[in-house]
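Student: Supplied in structure tokens, the structure appears directly below.
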Amino acid sequence: MKEQMIDKAIQVLDSNFQDGGFTIPSKGLYPFQWKWDSGFIALGFAHYDISKAKKEVETILDAQWENGFIPHIVFHNDSDTYFPGPNFHESNLHPLASKKYRSTGMTQPPVFGFILERLYEIAKDKEDMMNFIKKQIDKVYENHVYFYENRDLNNDGLVYIYHNWESGTDNSPLWDDIWETMNPPEYTFERRDTSHVDASQRPSKREYDHYLYIIEIAKEHNYHDAKIAELSPFLVLDPLFNSVLIRSNESLIRLYESIGNNEEKVDYLKQHQLKSVQSLNSKLFHKDLGAYVHFDLRNNRQIPYICSSSFAPLYSSAPTRLIAESLAKTMLEKFGDAGRYLCASFDPTHEKFNPKKYWRGPVWINMNWILYHGLKRHGFYDLASRIKSDSLELIEKNGFFEYFDSRQSNPDADSNGYGGNNFSWTAALLIDFLKEEV
Ligand code: DGY
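Numbering-wise, the sequence shown is residues 900 to 1337 according to this note's numbering.
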């Protein structure tokens, strides 16, 4: 069974790999290269085709801007199956944007620090992988410097995101209260996603108006960071984004230390790391909820909802013992009752929970991978192994879907698999789960 699943996953990844040396997340629905997808995808390749793993990382990092920024989508090719494409985003408005690639002007969670370290762990030829890492690591470092120098508004080590697509959790109920503060025009455009996937599993048209409006504001100011920070109606501190940054800092520090002769960079990372960890715990941990929460900087208020991002800091060194215990307890009590797969992307006990709609409830395999490693790191082995076995069962029973219904007996559909099928990171992380040495 295990070998069969791995073979199928390899087929998915290989068929999504493109001539340009990058991998699309899913045919039709997502026809370009996405930033955090590409990191997870590289881990899958690394177990059976190290040259594709390296190519994937090399290609996304090659699209870095001169200021260290790495965009969330790189438009390597033209495709009319996706909206909004390169002509809408117009990344060339920013004077330091890549001249080689068209892209968006927003980013996604900074996964590449820990991805490089995991590639080193997986690689059989350590010397070869270390040589590769030596060539790429400064780009990842520059990306972290970009965040700390441009997006740390309060100088407290927490960096903001200015768009829901930067969070990775695109249409989470987290953002609903922010949409209430806005009144964007009703744009005329042709959605492409809903011709690939049932509309009930995707964001609404009105939600898209909000997404586009924020981009219009950023474009009016040529994607200038300080202007975006001043004007964007969406300006949020996200515990997922920040804990991924913290976790990637840890990896960069370890990798630079083993490479040697990089004291200045290590010092810079360590100094910022200290502040980031302290502020994550003091500003984003919500004691009463027993979870990390998001903070809406524009409206100066906490967003008091629990979602899978609320537990992501477990993947980093940030949580104290007490915090980690409280996170595991909340996860088990709210997300983990019998009859439910771990881990729903939004609080299943909340009225806004929707088991079928994208980031408003379904289980996502990349989040499960982060949470699995996080729980293990902090010693919650039972919960960790439940997350891993739930992930494997969901894929085995339903296929390599983009997201899954967390209800074990699903009254609404024959399959628990939703969104795009033959989805790359689902395949890649299944391989990484199954190849893990336990
Ligand atoms: C989409 O098009 O839904 C993407 O997730 C945006 O990043």
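Every residue, glycine too, gets a C-beta built ideally from N, C-alpha and C.
Classify S1308: buried if its beta carbon has 16 or more other beta carbons within 10 angstroms, exposed otherwise.
Tutor: Answer is exposed; the Cβ neighbour count stays below 16.
Student: Run through the stretch 1090 to 1124 for me and flag every whole alpha helix (DSSP H) of 4 or more residues, listed as ranges in chain order.
Tutor: Segments of the alpha helix (DSSP H) lying fully in the stretch 1090 to 1124: 1104 to 1119.
Student: Can you find the residues in the same chain that come closer than 7 Å, C-beta to C-beta, to D1137, ignoring five residues on each side of it along the sequence?
Tutor: For D1137, where only same-chain residues beyond five positions count, the Cβ hits under 7 Å are I1060, S1066, H1193 and S1208.
Student: Any heavy atom of the ligand DGY closer than 6 Å to the CB of D961?
Tutor: No; taking the cut-off as 6 Å, the Cβ of D961 has no heavy atom of the ligand DGY nearer than that.
Student: Would you call N1050 buried or exposed, if buried means 16 or more other Cβ atoms sit within 10 Å of its Cβ?
Tutor: The sequence given here has Arg at residue 1050, not Asn. By the neighbour-count rule (16 or more Cβ atoms within 10 Å), R1050 is buried.
Student: Would you say W1074 touches the ligand DGY, meaning its beta carbon is less than 6 Å from a heavy atom?
Tutor: Answer for W1074: no, Cβ out of range of the ligand DGY.
Student: Measure the CB-CB distance between G1319 and E1301 and report whether it falls below 7 Å.
Tutor: Yes, these two residues count as a Cβ contact at 7 Å.
Student: Starting from the Cα of G1260, find the closest Cα among R1285, F1234 and L1015 and give me that residue.
Tutor: Among R1285, F1234 and L1015, the Cα nearest to that of G1260 is on F1234.
Student: Does the distance between the C-beta of W1064 and the nearest non-hydrogen atom of the ligand DGY fall short of 6 Å?
Tutor: Within the cutoff, so yes.
Student: Which residue from G1238, V1176, E957 and S1157 puts its Cα closest to that of D1055?
Tutor: Selected option, being the one with the closest Cα: V1176.
Student: Less than 8 Å between C-beta atoms, sequence neighbours within five positions excluded: which residues of the same chain meet that for L1168?
Tutor: Once the five neighbours on either side are set aside, the close Cβ partners of L1168 are Y1040, H1043, N1148, L1151, I1152 and Y1155.
Student: Looking only at its chain, what residues have a beta carbon closer than 6 Å to the beta carbon of E965, apart from the 5 residues adjacent to it on each side?
Tutor: Contacts found: L995.
Student: Under 7 Å, do T1006 and H971 count as touching if we go by C-beta distance?
Tutor: Yes, the pair counts as a contact, with Cβ atoms nearer than the cut-off.
Student: Which class does R1153 belong to by DSSP, given the choice of helix, strand or coil?
Tutor: Three-state result, R1153: helix.
Student: Let me check understanding here. Comparing Cα to Cα, which of L928, F1252 and L1274 lies closest to D1075?
Tutor: Looking at the Cα atoms, F1252 is the closest of the given residues.
Student: Run through the stretch 1129 to 1204 for me and flag every whole beta strand (DSSP E) of 3 or more residues, listed as ranges in chain order.
Tutor: Runs of the beta strand (DSSP E) inside the stretch 1129 to 1204: 1193 to 1195 and 1200 to 1202.
Student: Does DSSP put F1245 in a helix, a strand or coil?
Tutor: If DSSP states are grouped into helix, strand and coil, F1245 belongs with the strands.
Student: Please list the segments of the alpha helix (DSSP H) lying wholly inside the stretch 907 to 968, counting only runs of 4 or more residues, in order along the chain.
Tutor: List check, alpha helix (DSSP H) in window: 934 to 945 and 949 to 961.
Student: Once the 5 residues before and after H1185 are set aside, which same chain residues still bring their CB inside 6 Å of it?
Tutor: Once the five neighbours on either side are set aside, the close Cβ partners of H1185 are V1192.
Student: What first and last residue would you give for the alpha helix (DSSP H) that runs through V1039?
Tutor: Where V1039 is concerned, the enclosing alpha helix (DSSP H) stretches over K1025 to N1049.
Student: Return yes when the Cβ of W1263 is within less than 7 Å of the Cβ of L1328, no when it is not.
Tutor: Contact: no.
Student: Run the proximity test for D1069: is its beta-carbon closer than 6 Å to any non-hydrogen atom belonging to the ligand SAH?
Tutor: Absent from the structure shown: the ligand SAH. Ligands present: the ligand DGY.
Student: Hey, would you say W1258 sits closer than 7 Å to D1108, going by beta carbons?
Tutor: No.
Student: Report the residue ranges of all alpha helix (DSSP H) runs contained in full by the stretch 1211 to 1282; include only those spanning at least 4 residues, in chain order.
Tutor: Runs found: 1220 to 1229 and 1264 to 1276.
Student: Could you tell me the distance, in whole angstroms, from the CA atom of D918 to the CA atom of F931?
Tutor: Answer to the nearest angstrom: the Cα atoms are 12 Å apart.
Student: Flag this pair as touching only if the stretch 1195 to 1202 and the stretch 1072 to 1089 have three or more C-beta atom pairs under 8 Å; answer yes or no.
Tutor: Yes: the two stretches touch, three or more of their Cβ pairs being nearer than 8 Å.
Student: Suppose the cutoff is 8 Å on Cβ atoms and the five residues either side in sequence are ignored; what does the same chain contact list for Y1122 look like?
Tutor: Answer for Y1122: S990, L992, H993, A996 and G1004, listed in chain order.
Student: Of the residues L1241, P1009 and N1297, which one's Cα is nearest the Cα of Y1271?
Tutor: Of L1241, P1009 and N1297, the residue nearest in Cα terms is L1241.
Student: What three-state label does DSSP hand G1316 in the structure shown?
Tutor: If DSSP states are grouped into helix, strand and coil, G1316 belongs with the strands.
Student: Would you identify the three-state DSSP class for F1332, choosing helix, strand or coil?
Tutor: Looking at F1332 - three-state DSSP - the assignment turns out to be helix.
Student: Would you kindly report the start and end of the unbroken alpha helix (DSSP H) that includes F1011?
Tutor: Element bounds for F1011: F1011 to I1021.
Student: Taking Cβ to Cβ, would you say H946 is nearer than 7 Å to K1228?
Tutor: No, the Cβ-Cβ distance between H946 and K1228 is not below 7 Å.
Student: Straight-line CA distance for G1238 to K1255?
Tutor: Rounded to whole angstroms, G1238 to K1255 spans 16 Å at the Cα level.
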